[in-house]
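To start, the structure itself, in structure tokens.
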Amino acid sequence: MGTDHDDCTTIGDDRVELGLALLERLEHESLTLAEAVDRIETITSDPTVTRTILDEAELRGIIDREDGIIRPKSRQYVRYEEQVITKDGDFTCRRCGSSLSTGHFIRLEAGELGPFGSSCIRKVTGRE
613 MGTDHDDCTT IGDDRVELGL ALLERLEHES LTLAEAVDRI ETITSDPTVT RTILDEAELR
673 GIIDREDGII RPKSRQYVRY EEQVITKDGD FTCRRCGSSL STGHFIRLEA GELGPFGSSC
733 IRKVTGRE
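So for the sequence shown, our numbering puts the first residue at 613; every next one is plus one.
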């Protein structure tokens with residue numbers, strides 16, 4: 613007998629794993645729930661998948677969540693020299709929707725995330 617949570621992880625498994633990998637690499641000391649959702653929305657706008665990502669991240673010990681505040685527990689930040697690549701082309705930033713001629717992409721174990729503009733990639737990862 614499946615639950616909604618099980619169905620969601622099965623259907624959105626790639627998005628869930630990518631969301632967990634992103635949360636694991638955030639350089640923020642803490643974020644509000646809204647700020648964490650802003651980062652996750654670069655992967656999915658489905659509220660069920662977003663909730664699954666946050667719940668699973670807490671279960672796996674990737675984040676602490678209390679009173680609307682998210683605290684990433686890992687200190688495995690995105691290594692810009694190795695994990696961020698740029699590509700020239702016609703792109704739309706996944707965070708702000710701006711048109712880009714150069715897209716920045718984050719390579720995570722679970723997949724590639726992007727494209728982002730130069731300021732949005734810093735915002736998503738917590739460098740700004």
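We treat Cβ as the ideally placed atom computed from N, Cα and C, and that holds for glycine.
The structure displayed is predicted, hence computed values, not measured ones.
Contact annotation: A669 and L645 have beta-carbon atoms that are not nearer than 8 Å. For E653, the closest of E639, R677, G631 and G673 by C-alpha to C-alpha distance is G631. When the beta-carbon positions are compared, V736 and R691 stay at least 8 Å from each other.
One alpha carbon belongs to R719, the other to R672, and they sit about 21 Å apart. I733 is classed as buried because its beta carbon has at least 16 other beta carbons within 10 Å across all chains shown.
Put simply, the backbone Cα of Q688 is about 10 Å away from that of A633. A distance below 7 Å between beta-carbons, with the five flanking residues on each side excluded, links S730 to the following residues of its chain, in chain order: H716.
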